[in-house]
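First comes the structure, then the notes that go with it.
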Amino acid sequence: METASKTNGSNGAHATAKVDAVVVGAGVAGLYQLYRLREQGLTVRAIDAASGVGGTWYWNRYPGARFDSEAYIYQYLFSEELYKGWSWSEKFPGQPEIERWLNYVADRLDLRKDIQFNTTVKSAHFNEATQRWLVTTDKGDVIDTQFLVTCCGMLSAPHVSFPGQETFKGRLFHTARWPKQPIDFAGKRVGIIGNGATGIQVIQTIAGEVGHLKVFIRTPQYIIPMKNPKFSAADAQAYKSKFEHFTQRLPHTFTGFEYDFEHAWAGLSPEKRREVIEDCWNDGSLKLWISSFAELFFEEAVNAEISEFVREKMRERLKDPKLCDLLIPADYGFGTHRVPLEQKFLEAFHRPNVEIVSVKNNPIERVTPKGIQTADGTVHELDIIILATGFDAGTGALTRIDIRGRSGRSLREDWARDIRTTMGLQVYGYPNLFTTAVPLAPSAALCNMTTCLQQQVEWIDNCIRYMRAKDLKVIEPTKDTEDAWVAHHDEIANATLIAKTNSWYLGSNVEGKPRRVLSYCGGVGAYRQKCDEVAASAYQGFAMN
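The opening residue of the sequence shown carries number 190 in this note's numbering; numbering runs sequentially from there.
This is the structure we're talking about:
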């Protein structure tokens, strides 16, 4: 039972709650973590800055936001009843439907009573005398907890880096903090900065609504055309009948998707390779990227051939040589950046009201009261600016909280020097801090996130169960264990072409961020096996007392 006492803080008297666990975040991971810990009898409080559940799918309500994992695998698989109780309308649903689904989950599992909304965690300090965490919020709460579990999301800390934004006289939005009220684009001069997965969804959605659209592009993206059929009742019944198949397959494939790598490049003739590539392309999913040929990630010659295949497909649609130069990548390989699915994105640039502003050699200098100024002095006058500028991936959500472990060490300062975790589940020096969706575990880069997050939540839940059964109070990885995991992670990651390409996968989009491939590249199934081995060894390499 949650207990409370009175104490005097700097803002006067306020309640201090005492619980077994605090879960930060009420998205895909946070909802499941709350459910699991509560099921084992813990008193749990989940805290979220939003006014409702959903995490990523609460905040990212920008025009065109939708899945690019198939809906029937972007699901919780711990309950057949929960899985079969929801029917999707199409293969890749949009944000409103996804948010409704997560509200359905919260209601079915009766989770809201233990979630504190509209609240931001400001700090979390480990008290070595009590061996517990003190968590403070912007509402003045101080919560005393044995376990702190962060479920803040891999891509949740918006990255914005343009001076002068506060001077802009029009309206300015970041895609990850989109307002609930509809935005009227009719007749407006709109500028969008960024053309990654999010930018692409926005551009293709609003191009026909705006008066004039300027797209500020630095790095062109490879794309895959999305095929998004509507689901009939029969379609829903068909995928629901595969529930058992999904529970057995998804946790053990390379990326947590239904499909997996089935072919070896060297074992096929050039004609057969082309056939496989065409089949994956025509699937209208991420299949070409994450289940055509694993060699795509390791061998430059293989990557070059598949990259040229995608360029051919893009040229066929763009036709205009100038658009081809601006929109088709030439200096990095397919799959080494996040590959977006799109719906007539390239065709948007054939519209007379859509214009590309290349900022590769003429970067954005600042935002002015009238619009966006580039280095050559040009001011692009705008009514609305949309920042699709991405995130401080993996680390940003936690470094924005003042987290302090043993001897007052700061996670923000530690990660500013070197981004390290143990399996992405704990960090040396921070006892009883458990993490999901942080660096050195499979994540948004190369994973169907629900598959990965469920596995991480379950590992944390089982670890805490083990501790309680043994009457253990504190767990923390040893330095040697963390060193070994970092070395293992780096050995795999550095063998890939991903490590040779600047992108948010390495934190390259954030100035001064330590360079390391953020996502574990050894495969979802292999990662799960390693985590299971640690649990089976009674958490060898973790100090407990």
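Positions of the beta carbon are idealized from the N, C-alpha and C atoms, including for glycine.
All of these numbers come straight from a predicted model, not from anything done at the bench.
Distance, residue j Cα to residue i Cα
i: residue 690; j: residue 333; result: 43 Å
i: residue 467; j: residue 498; result: 9 Å
i: residue 579; j: residue 600; result: 22 Å
i: residue 213; j: residue 639; result: 17 Å
i: residue 453; j: residue 386; result: 29 Å
i: residue 339; j: residue 630; result: 14 Å
i: residue 706; j: residue 687; result: 8 Å
i: residue 272; j: residue 290; result: 10 Å
i: residue 359; j: residue 239; result: 25 Å
i: residue 479; j: residue 207; result: 45 Å
i: residue 233; j: residue 274; result: 26 Å
i: residue 635; j: residue 647; result: 20 Å
i: residue 248; j: residue 367; result: 7 Å
i: residue 257; j: residue 515; result: 24 Å
i: residue 672; j: residue 539; result: 52 Å
i: residue 733; j: residue 304; result: 29 Å
i: residue 199; j: residue 558; result: Any reading at residue 199 must be qualified, since the residue scores a pLDDT of 33, below 50, and its modelled position is unreliable; no value is offered.
i: residue 572; j: residue 472; result: 39 Å
i: residue 728; j: residue 662; result: 14 Å
Proximity test, Cβ basis, 8 Å: residue i and chain C
i: residue 277; result: Considering every chain present, this structure includes no chain C. It has just one protein chain.
Local Cβ density within 10 Å of residue i, reported as buried at 16 or more and exposed below that
i: residue 577; result: buried
i: residue 650; result: buried
i: residue 348; result: buried
i: residue 225; result: buried
i: residue 463; result: exposed
i: residue 373; result: exposed
i: residue 397; result: exposed
i: residue 218; result: buried
i: residue 660; result: exposed
i: residue 566; result: exposed
i: residue 318; result: exposed
i: residue 436; result: exposed
i: residue 434; result: exposed
Residue i (DSSP reduced to helix, strand or coil)
i: residue 270; result: helix
i: residue 451; result: coil
i: residue 333; result: strand
i: residue 209; result: strand
i: residue 412; result: coil
i: residue 300; result: coil
i: residue 441; result: helix
i: residue 611; result: strand
i: residue 503; result: helix
i: residue 490; result: helix
i: residue 348; result: coil
i: residue 596; result: helix
i: residue 285; result: helix
i: residue 657; result: helix
i: residue 435; result: helix
i: residue 305; result: strand
i: residue 380; result: strand
i: residue 604; result: helix
i: residue 322; result: strand
i: residue 591; result: strand
i: residue 570; result: strand
i: residue 708; result: strand
i: residue 364; result: helix
i: residue 406; result: strand
i: residue 294; result: helix
i: residue 259; result: coil
i: residue 584; result: coil
i: residue 203; result: The pLDDT assigned to residue 203 is 47, lower than 50, so where the model puts this residue is not dependable, and the model offers no usable value.
Closest residue to residue i among the options (Cα-Cα distance)
i: residue 583; options: 212, 694 and 677; result: 694
i: residue 205; options: 467, 259 and 330; result: 330
i: residue 376; options: 553, 400 and 256; result: 400
i: residue 260; options: 267, 276, 247 and 507; result: 276
i: residue 345; options: 363, 390, 335 and 280; result: 363
i: residue 370; options: 285, 217 and 586; result: 285
i: residue 542; options: 603, 293 and 380; result: 380
i: residue 442; options: 383, 501, 335 and 476; result: 476
i: residue 502; options: 308, 569, 449 and 412; result: 412
i: residue 417; options: 531, 539 and 210; result: 531
i: residue 310; options: 586, 731, 461 and 704; result: 586
i: residue 517; options: 533, 644, 525 and 496; result: 496
i: residue 606; options: 524, 482 and 598; result: 598
i: residue 216; options: 265, 230, 355 and 251; result: 265
At what residue ranges does the stretch 217-242 contain a whole run of the alpha helix (DSSP H), taking only runs of 4 or more?
-> For the stretch 217-242, the continuous alpha helix (DSSP H) assignments of 4+ residues that do not extend past its boundaries occur at 217-228, in sequence order.
Whole beta strand (DSSP E) runs in the stretch 522-568 with 3 or more residues, listed along the chain?
-> Qualifying beta strand (DSSP E) stretches, in chain order: 543-547, 553-556 and 560-563.
Runs of beta strand (DSSP E) wholly within the stretch 614-693 (minimum 3 residues, chain order) = As far as the stretch 614-693 is concerned, its whole beta strand (DSSP E) runs of at least 3 residues are 622-624 and 664-666.
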